[in-house]
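K.L.:
Before I ask anything, here is the structure I am working with.
Numbering (mature numbering (1 follows the signal peptide of the UniProt record, and there is no 0)), first residue to last: -26 to -1, 1 to 76.
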């Protein structure tokens, strides 16, 4: 596990502790790819549309639904993510903060 993943996990845990899960679930606002945080993390609603040259660690099998930060059920089309407080990410989406669900 590298430093970036540890920092992102810590940030996610802090957001969750501060009520990020409830806020994101209740809001139901779709995260737009043009959102500044989404842009900075390379978020795409469809993992197949990720620029693999820009994000060489991306794999087609990675998606938000399989990420530790995804706060929904595996069947949920969208769910909250503590990195995008108050916004819903697509189950089939991806960002550079992706961490395999344990």
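Virtual Cβ for every residue (Gly too), placed ideally from N, Cα, C.
(1) Which class does residue 4 belong to by DSSP, given the choice of helix, strand or coil?
(2) Compare the C-alpha of residue 74 against each of 58, 32, 12, 25 and name the closest.
(3) How would you write the range of the alpha helix (DSSP H) that residue 52 sits in, first residue to last?
(4) Considering only DSSP beta bridges, list what residue 62 is partnered with.
(5) Assuming residue 29 contacts residue 16 (C-beta within less than 8 angstroms), just tell me the rounded distance between them.
(6) Assuming contact is defined by CB atoms lying nearer than 8 angstroms, are residue 68 and residue 21 in contact in what I supplied?
(7) In terms of alpha-carbon separation, which member of 58, 72, 66, 44 lies closest to residue 8?
(8) For residue 74, which three-state DSSP category applies?
(9) Could you check if residue 48 is buried or exposed, using at least 16 other CB atoms within 10 Å of its CB as the buried criterion?
(10) Helix or strand or just coil, what does DSSP make of residue 38?
P.N.:
Concretely, from the data shown:
(1) Strand.
(2) When each option's Cα is compared against that of residue 74, the closest is 32.
(3) Per DSSP, residue 52 lies in no alpha helix (DSSP H); the unbroken beta strand (DSSP E) holding it starts and ends at 52 to 54.
(4) Assignment of beta-bridge partners to residue 62 by DSSP yields 4, 54.
(5) Contact flag correct, Cβ pair sits at about 6 angstroms.
(6) Yes; because the gap between Cβ atoms is below 8 angstroms, this pair is in contact.
(7) Just measuring C-alpha positions, the residue of 58, 72, 66, 44 sitting nearest residue 8 is 58.
(8) Correct three-state label for residue 74: strand.
(9) With fewer than 16 Cβ atoms within 10 Å of its Cβ, residue 48 is classed as exposed.
(10) Helix at residue 38.
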